[in-house]
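Residue numbers (full-length UniProt numbering): 1 to 267.
Here a beta-carbon is modelled for each residue, glycine too, at the ideal position from N, C-alpha and C.
Encoded structure:
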């Protein structure tokens, strides 16, 4: 098998003949062909050279100067910088049959220039399309509550899936983020009504607990006042002092409830 790969990677007799003719042409027309043979790639770029349709040296060239033959060689520049793109909003049906619109952003870079050129026609476009389908597949297995609360876990799951799928293309997926989750208007109203009802229920429970604690405190206070009857008179004077402090002309005369019990029993 290795022998077959070495044979398929060689140029053959005719190929080497063309290379030698191209070298002779370069030497003969040296001052003119100098500008055609010397190429430059930047620090963040690499050049994949094809010699007679085959990848030369099985490794990219650059950064800096490199040499190509004008008649037999051509090259493709590959950008190694991190690229980001937005995933268009996708209408997704969650596991609990709720339709939501979700969009995100993906950060990736080319890790192997030769694989990105030889194994896929357009690495960036293929990654974009794969990110859309991966977003649908991953979110389709999640409930609405998981989608809203576990965005970090969903992002990591998408990153691992994309990175594994694009490894053969020479692409490294660095980060995936869920940007926004849009719910239908009717579902938003239903969730708002549910949240409001839950808050009202908690408020009623808290008020009931407060009344219960207040009644216990009043019971304890009545027991203390029952032990010292003069304390009730002092409390009455404190109440009158509080009312008088606000410049109020209202006068309160306390009437014991025990006096009214006699009339109630006669009826």
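Anticipated Cβ contact below 8 Å, residue 114 with residue 55, distance rounded: 6 Å
Segment limits, beta strand (DSSP E) that includes residue 63: Element bounds for residue 63: n/a, residue is neither H nor E.
Supposed contact pair residue 71 and residue 25 - C-beta distance, whole angstroms, cut 8 Å: 7 Å
Residues bridged to residue 93 [DSSP beta-bridge criterion]: 99
The region 137-144 in contact with the region 94-105 per 3-pair CB rule at 8 Å: yes
Limits of the unbroken beta strand (DSSP E) element including residue 176: 171-182
DSSP-derived helix/strand/coil call for residue 140: coil
Beta strand (DSSP E) segment containing residue 73, residue limits: 73-79
Reduced DSSP category for residue 28 - H, G, I as helix; E, B as strand; rest coil: helix
Proximity of residue 60 and residue 38 at Cβ, strictly below 8 Å: no
C-beta contact flag for residue 134 and residue 166 at 8 Å: no
Residue 138 to residue 184 span [Cα, whole Å]: 20 Å
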